[in-house]
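Quick note, in full-length UniProt numbering, the sequence shown goes up one by one and the last residue is 846. Virtual Cβ for every residue (Gly too), placed ideally from N, Cα, C. Computed from a predicted model, the values in this text were never measured in an experiment. Comments concern the structure below.
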Amino acid sequence: MSKAAPSGEDLLAEYNRKRDFKKTAEPSGQRASTQGGNSFVVQKHAARRLHWDFRLEVDGVLKSWAVTKGPSSDPEDKRLAVRTEDHPLAYGGFEGLIPQGEYGGGTVMLWDRGTWAPIEGKSAKDLEHGHLHFTLQGERMNGEWLLVRMKGRPGEKRENWLLRKVKDAHAGTGDTLVEQGLTSVLTGRTMAEIEADVAGTHALEGKTGDAFETVMEQAAAHTGSKARARSKARSGRKTSGKPPAFRPVQLATLVDAVPAGNLWMHEIKFDGYRALVSAAGSAVAVYTRSGHDWTDKFRPFAAHMAALDLPPCLIDGEVIARDKNGNPDFSSLQSVLKRGHGSQGEKDALEFHAFDLLELDGEDLTQLPNIERKERLEALLAQAQPPIFVADHVIGAGEKLFEAMCAAGQEGIIAKRVDAAYSHRRTKSWVKVKCTRRQEFVIVGWAKSRAQGRPFSSLLLGQYEGDTLVYRGKVGTGFDADSLADLAARLDTLQRKSAPLEVDRVEARGATWVTPRLVAEIAFAELTAEGRVRHGSFLGLRGDKPAKAVKAEQPEAAPVAEIDVKISSRERVIFPDSGETKGDLADYYAAISPLMLPFAANRPISLVRCPQGRAKKCFFQKHDSGTFGDYVHHVPITEKDGGTEDYLYVDDAGGLLACVQMGTIEFHGWGAKAEAVEQPDRMIFDLDPDEGLDFEHCVRGAQDIRARLADLGLVSFAMLSGGKGVHVVVPLRRGESWDTHKDFSRRFAEALSLAEPDRYVATMSKAKRKGRIFIDWLRNQRGATAVLPYSARARAGAPVAVPIDWDELDDLENAHPYSIKDADTLLNRARDLRGWGFADQALPAV
């Protein structure tokens with residue numbers, strides 16, 4: 001007799017067994033069905049570790065997998081998906097808090113929803129055989145996907161699968177799905193907003209809101225400080241200020257090869273219109289690269305930008321439209337603009353890909369390193385949804401990206417020096433490498449056509465050399481019926497009797513000349529020895545550039561990313577226990593500078609110098625008598641006694657290496673930038689465990705602080721110190737004074753120590769620290785410093801301070817898993833840490 005299939009109740013027995021429905025708001029397990037029987041949901045779940053629960057409706061229940069890093073639309077990414085118990089269909093609408101102490105305790109967001117279907121010839125029964133090939137139609141996940149069960153190991157209890165995107169029109173690159181999907185598809189709330197929604201379940205000793213503030217006020221009273229009442233709800237920031245004015249854009253130099261090395265970041269060269277977006281709340285203006293206001297032409301994405309309610313900012317990027325294959329395509333962009341961007345079904349045809357940030361909240365960012373501007377841009381647009389994107393980039397490995405773009409029929413790539421400032425002109429710190437040759441030409445005339453109904457056979461082209469217009473030949477392909485008609489009408493109004501440039505009699509035969517005003521983009525194989533276009537193809541007209549600016553581009557040799565700092569005594573061993581040399585340390589900082597500069601550049605620093613190596617005498621240094629050279633700069637800062645001293649700061653990789661040359665191992669930074677030393681921009685809680693505590697205590701302490709900060713509406717990040725502790729980093733919007741900064745951090749730390757005195761202490765006393773974790777809030781006073789992300793440490797094994805994701809903490813055994821030997825590993829893993837340490841947030845009103 002065949003075995004009976006389990007009932008819906010049997011399938012949900014494990015789900016029901018794990019939950020106490022008197023304590024959790026999760027729905028009890030009962031079998032049901034949707035109308036089509038093919039729903040799917042994804043829930044973002046911040047439990048013991050952050051993950052995404054992927055669920056497919058099958059036989060009246062939700063088959064479920066926990067995807068540790070979230071779904072990826074990149075076919076190259078195979079994401080671990082751990083099979084979990086079946087869930088009831090009612091769970092597909094659940095969003096809220098699971099009480100701590102209960103199974104899965106934490107915050108749940110409804111991250112995606114829609115319908116699914118097995119591809120033709122397949123069925124849900126394939127799951128029994130360890131695989132499923134299916135399609136999704138969701139608000140975030142779409143197209144073809146695969147679930148494949150991995151071979152289990154002996155004794156392994158959990159069932160591991162892989163979730164992977166199949167390459168199709170919905171495929172992408174990188175982690176754009178989870179990076180941009182930050183709000184609920186059900187309520188539009190962030191995880192922090194969901195966490196703060198229910199009082200008494202997720203805060204300090206069961207306290208949230210006013211109850212938590214009471215503990216903070218007790219801490220303030222305990223130290224004799226004046227307690228100040230906090231407003232019952234944090235008011236949203238009101239956007240103030242006007243949109244910034246247009247500024248000339250930076251342009252790239254054409255080169256013949258991809259520059260090598262980790263001092264270059266590489267982006268896709270989009271096939272569209274360059275655009276500068278000026279925004280402040282609902283006021284948005286869009287300018288072309290020459291300063292023309294095209295807001296009306298780009299109205300659809302401008303409306304999306306306005307909906308973000310951004311602070312005053314100036315964003316550089318590219319407007320594109322995609323062809324039928326999903327590729328950025330200039331001709332498609334032309335067609336969208338001609339048809340009218342507001343026509344039915346085309347309002348979202350335009351996309352904006354942002355790649356630089358010039359101004360923010362009245363602050364000029366152009367002198368910051370390129371990589372820091374990009375990080376700030378990613379933080380600013382963290383809530384953006386399509387059609388607004390932040391252009392992805394890779395550090396190093398530019399040749400691989402270039403080959404991929406060329407294989408996909410794309411235009412090429414842009415390479416940018418990670419440590420360069422923004423220049424409002426063409427420079428070699430931005431270079432472009434093209435897969436096919438394409439340039440802009442001025443239309444100077446047309447040749448008549450013998451074909452009936454065709455207005456011309458070819459266009460005659462020119463380019464400027466200085467003030468002289470020079471003939472460049474003809475282009476006779478690339479036109480369709482619409483572009484032929486459009487060009488004929490435009491050219492008819494520009495006819496003139498004489499040629500606007502010198503051209504020989506043979507070339508001029510049968511030509512009709514026009515005033516040189518129209519600019520065309522042309523793809524071609526090469527320019528002949530006479531400077532004529534060979535095998536040209538018309539791509540479209542450019543309305544964003546004046547004819548006088550159209551000059552020939554000749555590719556130059558690719559720049560070499562050299563840092564002109566000589567490192568002497570490279571063979572000197574400075575880490576005697578593990579053998580790393582001064583040269584090894586210099587090479588580490590040169591390689592890691594793209595990741596380190598967003599946090600180290602333009603910030604007053606103190607150096608730990610060990611001229612004879614880490615085991616000999618080391619000392620702190622924050623002033624300079626001029627011995628560090630031109631790469632290390634000075635900022636005058638007023639001291640407590642009223643005098644002024646010059647503090648050190650660096651702004652590029654050369655500055656880091658100049659310090660290494662002078663015996664520096666560690667870099668420690670202020671909580672403010674050199675240009676605004678009285679306005680702190682980050683708060684740090686350094687968890688320093690007593691000698692008798694293992695690292696697990698530090699991990700739990702960091703997670704506790706993260707949850708408490710989230711109760712107050714503050715986003716925080718984790719960093720391994722490279723020593724024995726963890727730093728909880730809270731990036732802040734400038735505006736508060738050092739006194740407010742220090743007062744808040746002290747009261748926060750003391751509130752925790754009062755609430756849980758067996759675990760935490762907020763004073764430096766060694767005697768009181770026995771068996772506890774010292775929450776070091778003293779890093780948040782004027783003049784104090786903290787070790788910078790990616791700094792090496794003057795400790796055995798040459799460890800480094802490393803930013804990490806919160807969900808990585810549980811798997812770590814100590815706070816120093818990486819050393820200066822791991823630069824390549826750190827560069828590769830940084831892709832999963834985009835936006836780390838950058839958030840536009842203010843301290844709660846107190």
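query, result
"Helix, strand or coil for His202 per DSSP?", "In this prediction, His202 has a pLDDT of 29, which is less than 50 and means its spatial position is unreliable; what the coordinates show is noted afterwards. Here His202 sits in coil by DSSP."
"List the DSSP bridge partners of Arg417.", "Trp264"
"In terms of residue numbering, what span does the beta strand (DSSP E) encompassing Asn142 cover?", "142–149"
"Quick one: Cα of Lys428 to Cα of Lys617, how far?", "43 Å"
"Applying the criterion that 16 or more other CB atoms from any shown protein chain within 10 Å of the CB defines a buried residue, is Thr644 buried or exposed?", "exposed"
"Determine the direct distance from the alpha carbon of Leu136 to that of Lys18, and round the result to whole angstroms.", "30 Å"
"Is there contact between the stretch 747–758 and the stretch 645–656, where contact requires at least three CB pairs shorter than 8 Å?", "no"
"Report the CB separation of Tyr273 from Thr295 in whole angstroms; it is logged as a contact under 8 Å.", "With 8 Å as the limit, Tyr273 and Thr295 do not qualify as a contact, their Cβ atoms being about 13 Å apart."
"Measuring only the C-alpha atoms, how far is Ser753 from Ile563?", "48 Å"
"Determine the contact status of residue 857 and Phe330, defining contact as a CB-CB distance below 9 Å.", "Past the boundaries of the shown model lies residue 857; the chain is included only from 1 to 846, so the question cannot be answered."
"From what residue to what residue does the beta strand (DSSP E) around Val802 run?", "802–804"
"List the endpoints of the continuous alpha helix (DSSP H) containing Asn828.", "823–829"
"Can you round the beta-carbon distance between Ala47 and Gly105 to whole angstroms, since I take them to be within the 8 Å contact cut?", "6 Å"
"Measuring CB to CB, does Glu351 end up less than 9 Å from Phe301?", "yes"
"When the Cα of Tyr15 is compared with those of Val82, Thr68, Tyr91, Leu80, which residue comes out closest?", "Tyr91"
"Measure the beta-carbon distance from Leu314 to Pro244 and round it to whole angstroms, keeping in mind my assumption that it falls under 8 Å.", "4 Å"
"Determine the direct distance from the alpha carbon of Arg505 to that of Glu440, and round the result to whole angstroms.", "25 Å"
"Looking only at its chain, what residues have a beta carbon closer than 7 Å to the beta carbon of Tyr103, apart from the 5 residues adjacent to it on each side?", "Lys18, Arg19"
"Please specify which runs of the beta strand (DSSP E), each continuous and at least 3 residues long, are wholly inside the stretch 669–697, giving them in chain order.", "682–689"
"Taking Cβ to Cβ, would you say Pro680 is nearer than 9 Å to Arg734?", "yes"
"Taking all protein chains shown into account, do 16 or more other C-beta atoms lie within 10 angstroms of the C-beta of His623, making it buried, or fewer, making it exposed?", "exposed"
"Between the beta-carbon of residue 869 and the beta-carbon of Ala420, is there less than 9 Å?", "Missing from the structure shown is residue 869; the chain here goes from 1 to 846 and no further."
"Let me make sure I understand the geometry here. Which of Glu363, Arg339, Met150, Leu358 has the alpha-carbon closest to that of Arg164?", "Met150"
"Compute the Euclidean distance between the alpha carbons of Phe628 and Phe575, then round it to the nearest angstrom.", "23 Å"
"Kindly indicate which three-state DSSP category Cys313 falls into: helix, strand or coil?", "strand"
"Report back the beta-carbon spacing between Ala481 and Asn262 to the nearest angstrom; my notes put them in contact at under 8 Å.", "Not quite, the Cβ-Cβ distance comes to about 49 Å (not below 8 Å), so this is no contact."
"Which class does Thr468 belong to by DSSP, given the choice of helix, strand or coil?", "strand"
"By a C-beta neighbour count over all protein chains shown, 10 Å radius and 16 as the cutoff for buried, is Met764 buried or exposed?", "exposed"
"Alpha carbon to alpha carbon, how far is Lys63 from Val178?", "21 Å"
"Rounded to a whole number of angstroms, what is the C-alpha to C-alpha distance between Ala32 and Val108?", "22 Å"
"For Phe599, which residues from the same chain have a beta carbon less than 6 Å from its beta carbon, with the 5 sequence-adjacent residues on both sides left out?", "Leu788, Pro789"
"Assign Phe21 to one of two classes, buried (16 or more other C-beta atoms within 10 Å of its C-beta) or exposed (fewer than that).", "exposed"
"Let me know if Pro604 comes out buried or exposed under the rule of 16 or more other beta-carbons within 10 Å of its beta-carbon.", "buried"
"Classify Lys566: buried if its beta carbon has 16 or more other beta carbons within 10 angstroms, exposed otherwise.", "exposed"
"Residues in its own chain within less than 8 Å of Lys551 by CB, not counting five upstream and five downstream?", "Gln463, Tyr464, Glu465"
"Please classify Gln495 as buried or exposed, where buried requires at least 16 neighbouring CB atoms within 10 angstroms.", "exposed"
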